[in-house]
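Notes follow once the structure below has been shown.
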């Protein structure tokens, strides 16, 4: 079944991808958010020419072909563009087979434990503790992640003393049945990261994300080797050889690929298999409520080494106004702290026609 048309619908933050075959069957996917309009240009210029006219079912071949044909352009934007095609083709297969992507991957629909993921650093420790406690009571979350340090902070805090204050403050606001995770966003040197890690251990924090600059694997490994807490990372990494190196050297205890950053479901499955062979769990990054969280939900219901929880952004339209009305019906209802993968075909979601009408439309066709 040949791919005959690729369409993108884009604003600055989101780009949905629609693939159509010679039979008129369609599938929907998405590139990674943020500067998605740039990724859409890469998709039409550097991905579509190698995909149009090819077999829609041979996703592995297509992903590798684009990578090889565009070998002079490694890196994030090409991977993000590939991911838009990849995820649309998985949706197409699901629609044709009348199965969810989760089922195509060998999994089963059902519930996933979610952790409420805070994106904020411009919030006092007490404010953060209070809102997480409220969400625990309202939505039943029994796990939360909050931010420490400053993003790429070179050992400087968001403001002096915030890290040392927020860790015990949030811990004291939660009972022992609530798991706590933190994200340092590449904020610390190894020495400072280890110092903060010991404070995390003393306060029963279970997950320590990106303690050092994520591209400095040796620095992160120093922290991993020095602490008992799970050190995690990998969301930014989009090259498979880097993933193999990270896993082979046990740079982290838990791997965190992002389906959209890495280049789609097919490449993420490869990383999950690498991790499985090394005995490492996978807790993907998916820090907003576009389709990336939906992709991750299907992945976690299918792989044998799924981590403990799904990342679930707790930020509303005040923080991410571009999330507004992306879908006809939200697939992201949280009940008793859990998200649900349905048995609807493909991704089980419909993009909002009103949003599509407002979006910038581009099209590549088989000549």
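Residue numbers (the numbering used here): 1408 to 1774.
Glycine included, C-beta positions come from ideal geometry on N, C-alpha and C.
Practice prompt. Quick one: grab the DSSP three-state call for residue 1718.
Written response: strand
Fill in: Given residue 1409 as reference, the closest of 1445, 1746, 1462 once Cα atoms are compared
1462
Worksheet item: How many Å lie between residue 1514 and residue 1710 at the Cα?
Response: 7 Å
Worksheet item: Taking C-alpha atoms, which residue in 1764, 1727, 1665 lies nearest to residue 1717?
Response: 1665
Worksheet entry | Meets three-Cβ-pair contact criterion under 8 Å: the region 1454-1473 and the region 1629-1645 | no
Item to complete: Output the boundary residues of the beta strand (DSSP E) element that contains residue 1643.
Response: First-last for residue 1643: undefined, no H or E at that position.
Worksheet item: How is residue 1778 classed by DSSP in three states: helix, strand or coil?
Response: With the chain covering only 1408 through 1774, there is no way to say anything about residue 1778.
Practice prompt. Determine which residues share a DSSP beta bridge with residue 1436 and list them.
Written response: 1424
Worksheet entry | residue 1421 and residue 1436 closer than 8 Å at C-beta | no
Practice prompt. Taking residue 1762 as the reference, give the member of 1418, 1660, 1682, 1469 with the closest Cα.
Written response: 1418
Fill in: Nearest residue (CA-CA) to residue 1669, options 1642, 1680, 1686
1642
Worksheet item: DSSP on residue 1615, reduced to helix/strand/coil?
Response: strand
Worksheet item: For the region 1622-1690, which segments carrying the beta strand (DSSP E) assignment without a break, of at least 3 residues, lie completely within its bounds, in sequence order?
Response: 1637-1640
Worksheet item: For residue 1589 versus residue 1565, is the C-beta spacing smaller than 8 Å?
Response: no
Worksheet entry | Reference residue 1652; option with closest CA among 1685, 1729, 1486 | 1685
Item to complete: Keeping to the same chain, check which residues put their C-beta closer than 8 Å to that of residue 1549; ignore five residues upstream and five downstream.
Response: 1520, 1543, 1584, 1585, 1586, 1744
Discussion item. Is it buried or exposed, residue 1475, if we count other Cβ atoms within 10 angstroms and call 16 or more buried?
Written reply: exposed
Worksheet item: Are the beta-carbon atoms belonging to residue 1601 and residue 1634 less than 8 Å from one another?
Response: yes
Item to complete: Give me the Cα-Cα distance between residue 1500 and residue 1434, rounded to the nearest whole angstrom.
Response: 8 Å
Item to complete: Provide the residue span of the alpha helix (DSSP H) that contains residue 1500, from first to last.
Response: 1483-1504
Worksheet item: Roughly how many angstroms lie between the CA atoms of residue 1541 and residue 1477, to the nearest whole one?
Response: 48 Å
Worksheet entry | Reduced DSSP category for residue 1599 - H, G, I as helix; E, B as strand; rest coil | helix
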